[in-house]
Structures are given as C-alpha cells and as structure tokens.
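Per the UniProt record's numbering, the very first residue in the sequence shown carries number 1; after that it's consecutive.
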Amino acid sequence: MGINWRWIKVLWPLMVATALMLGCGYLSTNIMSSVRAYIGGEGLYSKNQKEAVLFLNQYAVSHNESDYRKFLGAIAVPLGNQDARLALEQPNGNLDAARSGFLAGGNHPDDIDGMISLFRIFRKVPYVSEIIAIWAEGDRYINALNLEAKRLHVSITSGNDDEEFLRSSLARIMHINTLLNPLEQEFSAKVGDASRKTQHLLLFVRLIIAALLMTCGCVISISILRKNDEFQKELLFNEERLWLAMRGTSDGLWDWDILRKCAYYSPRLMEILELGSEEAVHTENYFSQFIDPKYRDHVRTEMAKALHANSVYEIEFRLITRSGNLRWVRSRGQSALDAAGRPVRMVGALTDITERKDAELALHDSRTELRNLVEHQARAKEDERKRIAREIHDELGSMLTGIKAYVSVSIERAVSAGHAPEPLLVHATCLADEAMETVRRVIAELRPSVLDDLGIWVALEWYAGQIQDRSGLQCKFSISNRAAMVALDAERSIMLFRIVQEALTNVVRHAEASQMTIIVLHYKNIILVEIRDNGNGIETGQLLNGAAWGILGMHERARHFGAHLHVSGVSGLGTTVRLRLPLDGVTTE
Numbered sequence: 001m002g003i004n005w006r007w008i009k010v011l012w013p014l015m016v017a018t019a020l021m022l023g024c025g026y027l028s029t030n031i032m033s034s035v036r037a038y039i040g041g042e043g044l045y046s047k048n049q050k051e052a053v054l055f056l057n058q059y060a061v062s063h064n065e066s067d068y069r070k071f072l073g074a075i076a077v078p079l080g081n082q083d084a085r086l087a088l089e090q091p092n093g094n095l096d097a098a099r100s101g102f103l104a105g106g107n108h109p110d111d112i113d114g115m116i117s118l119f120r121i122f123r124k125v126p127y128v129s130e131i132i133a134i135w136a137e138g139d140r141y142i143n144a145l146n147l148e149a150k151r152l153h154v155s156i157t158s159g160n161d162d163e164e165f166l167r168s169s170l171a172r173i174m175h176i177n178t179l180l181n182p183l184e185q186e187f188s189a190k191v192g193d194a195s196r197k198t199q200h201l202l203l204f205v206r207l208i209i210a211a212l213l214m215t216c217g218c219v220i221s222i223s224i225l226r227k228n229d230e231f232q233k234e235l236l237f238n239e240e241r242l243w244l245a246m247r248g249t250s251d252g253l254w255d256w257d258i259l260r261k262c263a264y265y266s267p268r269l270m271e272i273l274e275l276g277s278e279e280a281v282h283t284e285n286y287f288s289q290f291i292d293p294k295y296r297d298h299v300r301t302e303m304a305k306a307l308h309a310n311s312v313y314e315i316e317f318r319l320i321t322r323s324g325n326l327r328w329v330r331s332r333g334q335s336a337l338d339a340a341g342r343p344v345r346m347v348g349a350l351t352d353i354t355e356r357k358d359a360e361l362a363l364h365d366s367r368t369e370l371r372n373l374v375e376h377q378a379r380a381k382e383d384e385r386k387r388i389a390r391e392i393h394d395e396l397g398s399m400l401t402g403i404k405a406y407v408s409v410s411i412e413r414a415v416s417a418g419h420a421p422e423p424l425l426v427h428a429t430c431l432a433d434e435a436m437e438t439v440r441r442v443i444a445e446l447r448p449s450v451l452d453d454l455g456i457w458v459a460l461e462w463y464a465g466q467i468q469d470r471s472g473l474q475c476k477f478s479i480s481n482r483a484a485m486v487a488l489d490a491e492r493s494i495m496l497f498r499i500v501q502e503a504l505t506n507v508v509r510h511a512e513a514s515q516m517t518i519i520v521l522h523y524k525n526i527i528l529v530e531i532r533d534n535g536n537g538i539e540t541g542q543l544l545n546g547a548a549w550g551i552l553g554m555h556e557r558a559r560h561f562g563a564h565l566h567v568s569g570v571s572g573l574g575t576t577v578r579l580r581l582p583l584d585g586v587t588t589e
C-alpha cells in the first residue's frame, strides 16, 4: 500500500504536538515521583537523626553497647544520603556510589534512578541549588554529631567516668540537635516549594503545547478549506471545459461520477451504442452490458488499475450495440481526485475504430494468403526441381552414358585393329565425362538425393563438403548427439536445407571468407542452427534492403514453420545466421 503524503502533511504537526504532550506528561510524572521520593527521604533523614540523638543520650547514661549500636543504625541513614550527594557532586558523577548511598539512606530502589536524574538535571536551578546547600549544611552537623558520638564511645569504652566530660558531651549533642531541627524544617519547606514551582512550570509547558496544538489545528483547517475551495473552482472549470469539448468532438465522451455511482454519456456515445434518444445519465454498471463478454473482465481490471495508480486509462475492446452490431472501440480516461487524494470522478472518450480493425484484419488475411501462396509456390518449385532432377538423371544421364559407351567402343575397335584412336573421339570421351559430372552437379543442386535417402543432417554435412571442394572455403560441420537423434519431416528438412544452402551461397559469393562453421544443437524442444563465417560481415543497411531477396526468402521459409531467423554481422569479423526451429510434433529416433 502506497504512502498517503497528503495525510502525513496534515497529521505531522498534530503528531509532534501529541508526542510533546505525552513527553511532557511522562516527564512530569517522573519529576513529581522523584520529588515525592526526596520528601520521603527527608522524613527518614529527620526521623533517624532524632533517633540517633535519643540513642546517643541513652548510651551516655547507660553505657550499654546496644544503645550505641542503635545509634549507629540510626545515623547510617543520614550518612548514606550524604554519600549519595557527595557522589553526585563529583565532576562526572559516580552513579554506582550514589545508588549505594541512597540505598543506605533507606530510599526505595525503584525511586533511586529518578532521584539521581532529578539531582543531576536541576542542581543548577536556583531553588534546587538552595535545597542542596541546606542538605550539605545539615550533613556538616550530622558529621559533627557522628564525631561527638565516636569521642563519647571511646571515653566510655576506655573506662573514663569523668562526669564533667559526659555533661559537656551531652550539651554539645543537644546543641547540634538544636541546630539540625530548623535546617530539617527549612529543607522540607524548600522541597515542598520546589515541588509546587515544578508543577507550575510543567503546567505552563503543557499550556504552551496545547496552544501550539490549537494553532496547528487552525492552520491545517484553514489550509484544508482553502484547498477545498480551489478544488471546487477547478472542478467547475473542468466541467465547463468538458461540456465544450463534448460539443466539438466526434468521439463519444463519458463522465463517471464515482461518489454518486452514475455516468453521463454524450450524444455521440449514445449513437455508437445505438441507444437512440434515451436518458444521458445511467448507473455506473450500465455500460458493462454492451462490452463483449470476452473482454469484460479485462476492461474492469484495467480501469481498476488506472483508478488505483491515478494513471491514464486506455484500452481497446469490442462492443455489442443495442441492435447486435459488433464495433471495435478505443476507450481512454483519466481520474480526478479530491483534496484527500481519493478518486471521485473519471472522464474519458470512446473512439469507434471498427474501420481500422477491419482494415487490420483484412491486411492480416491478405498476408496470410500471401504466405500461403509463397509456400505453395515453394512446394511447387521443390516438386518441379525434383521432377527436373529425375528427368535429367533418367533422360540426359542415360543419353550421355550411351554416347560415352559408343565412343569408347569405337576407340577400343581402332586400338584392336592396330590403329591410333581418333583424337576427336578421345576428346569426345572427355567431354562426355565432363557433361556427366555437370549433370550430377546440377541434379545435386536441384534436389540432392542424399537428402531423401539419408536425411537432413547427412545432407547438410555432404553439402558443406561440396562447397569446400568447389570453392576452397574451409567448412566445418558440427552436430550434437541429441540433435542427431531428431528426425525432421520432409517439409522441415527441405526448408532447413534451402536456408543453409542460401546462407552458404551468400558466403561464397559475398563474404570473401576463408572458413565457415555450421553448428546444430538440440535444446528444450528447439533445434538451433548457427552458421558463422570470418568474412566481411554483413551491414545493417544490407539487411534492411528490400532487394535482398535471398535473405527475405530465408525469413519467409522459417516463418512458415514457426521458426525464428536472425542475421547479424560485424564489419571485418564476419556474419552469423541463427535459426531457432521448434520441434512440436517431431519425433526422435
């Protein structure tokens, strides 16, 4: 199915705007999810910081190691978040360390990637950088708290029960806790404020995209309306032009309204169909009843192709008119498209070509009769050659044989009587031998007996040898084993022999060649005969010359048996004659 570029031009701005809306919604969801994760993380941070202070106070009083371990478990959450922040603030950001830090900070694994992306993308935004600064300040107090806890732990585990040290340590711990509380409150407030600002920003972006989408929709709608108006004007102009053309042409015109499923026929078209004075508007299938059933499916197929490809529709077919007369017509048409590229109308003309078709048929019949006449003359010529060859052999051959016998007897009698043979009689004997050789050659030219006695393949090889002996031209004959097994009938054999004979005669007379090759092959129920020489090479002008009767005769002989003859040449390299003879109905030995 082809691409509808019109729809793509209309829809692509909408698709882009929709994609932006979806992207904005996806980004908004991820950002808000990450913001909520930071808010939750801040709650864990604050809760565990307070628990750490509580456990540390209990440890200062109880000196119980379990209280200290509880402190370490609680303080690990702020420290883990601190590790994540420090990893992300590195130049390239240590993402693995950041993930480990957020996991240690008690954050959910599914939220960590979003928290990392939010930190890296928005860290330079002013209100986000303020949050990060508060976070870093809180971490500084967390580190101070952790350091104070380590000192207290060392003092207690070493057995130092200095009350003054314990009181001062607890005082520092409470002071740190006092400083952390407002920072945590400020951090929470800043995160909430950043969340609201981000929501407002994303809402503003969505409003811009929505406005863009509305603008694109308005522009596209205006463009469609403008093109539709232009199309309507053009359609009205075409209708007026069609009406003028219908009044001034001798062809029958038709106008097929695809949407309304009806067709208009001009008066001339009604005349061609012999419809009389019927209504000019009919259903879209009305015309089909006049198409000869033999051509009906083909006409429908070609019209469907033209509509699908928006190409010119042109076809010749036969009609059966209302009164039963047969008419040959040529129908041509072109479809018209709407603004969406769909065919809504097809307009065309119908030309009556019956006289031309009748002339073509008459010409075809005349050519067929001419070929039959030529073939009849060829057969008559072959029969006459055969008769003349037989009469020459029987009559003239016998007379020459008798003359030579009488002269030979006279010479033998003179020799027996002791006299020298008469020179004229001896010369007469030589003349009789030459005459008999001439008779044999003429008979072979007229109708070689080897063709009837031994078949076409032996006859071709024999004739090639005769040409070599008489002209000195080196002749090679080659035949494949499969071809040698094919037994051609008498008519095909004569045709093939005469074509080869004419080709060899042309080589001897015109080619000035030194060698020639005849190749016979059998391939896919076809006999291939190729004759090549190394002579001058026939030129294209000679092939097109109407006076080249020998070549024309070769073509005509081949055409009668459904064979294809091709003659080609290259100047200075020789000529090639190729014959492709189909073997339908021919048997093999």
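Every residue, glycine too, gets a C-beta built ideally from N, C-alpha and C.
Terminal residues of the beta strand (DSSP E) in which residue i lies
i	result
A349	P343 to D352
E284	No beta strand (DSSP E) holds E284; DSSP gives it neither H nor E.
Identified DSSP bridge partners for residue i
i	result
G574	V570
H564	R580
T517	K476 and R532
residue 592	Absent from the model: residue 592. The displayed extent of the chain is 1 to 589, so no value can be given.
V329	F317 and D352
G550	For G550, which the question treats as bridged, DSSP gives no partner whatsoever.
I220	I220 is not bridged to any residue.
S335	M346
G252	L350
H522	I527
Bounding residues of the alpha helix (DSSP H) (the contiguous stretch that carries residue i)
i	result
E65	E65 to L88
E316	Not the alpha helix (DSSP H): E316 falls in the beta strand (DSSP E), residues Y313 to I320.
H153	P126 to T157
F290	That residue, F290, is in no alpha helix (DSSP H); it is neither H nor E in DSSP.
S100	L95 to A104
I272	P267 to L273
D113	P109 to F122
G465	I456 to S471
Contact belief for residue i with residue j at Cβ below 8 Å, rounded distance in angstroms
i	j	result
V508	L583	Rounded, the Cβ-Cβ distance is 30 Å, inconsistent with contact.
C262	E284	6 Å
A74	N48	5 Å
F187	G138	7 Å
P343	I224	Contact flag wrong, Cβ pair sits at about 19 Å.
S332	E314	A small fix is needed here, since residue 332 is Arg in this sequence, not Ser. Indeed, because the Cβ distance is near 5 Å, the residues count as touching under 8 Å.
V191	V61	No, V191 and V61 are not in contact; Cβ-Cβ is about 35 Å, not under 8 Å.
I320	F287	Not quite, the Cβ-Cβ distance comes to about 12 Å (not below 8 Å), so this is no contact.
T575	G537	6 Å
Reference residue i; option with closest CA among the options
i	options	result
Q334	I519, N238 and V191	N238
K124	N107, E89 and V154	E89
F231	A336, V567, G472 and F55	A336
I526	R482, S266, Y141 and L552	R482
V407	L147, H427, E271 and H308	H427
V281	W256, D338 and V61	W256
S480	I518, N506, L424 and S493	I518
G341	R226, I116, H308 and E130	H308
L488	K524, L269 and L451	L451
R120	V577, G93, L581 and I209	G93
residue 593	E184, E512 and S158	Any answer about residue 593 is impossible in this case: the structure gives the chain only from 1 up to 589.
L166	S155, I176 and H175	S155
beta-carbon residue i near the ligand GDP non-hydrogen atom, thresh 6 Å
i	result
Q49	Among the components of this structure there are no ligands whatsoever, and the ligand GDP is therefore not found.
Environment of residue i [buried if 16+ CB atoms lie within 10 Å]
i	result
M516	buried
P126	exposed
E412	exposed
V520	buried
L573	exposed
G105	buried
I112	buried
P78	buried
A84	buried
L207	exposed
A359	exposed
R322	exposed
W328	buried
G569	buried
W549	exposed
D162	exposed
S266	buried
A304	exposed
F477	buried
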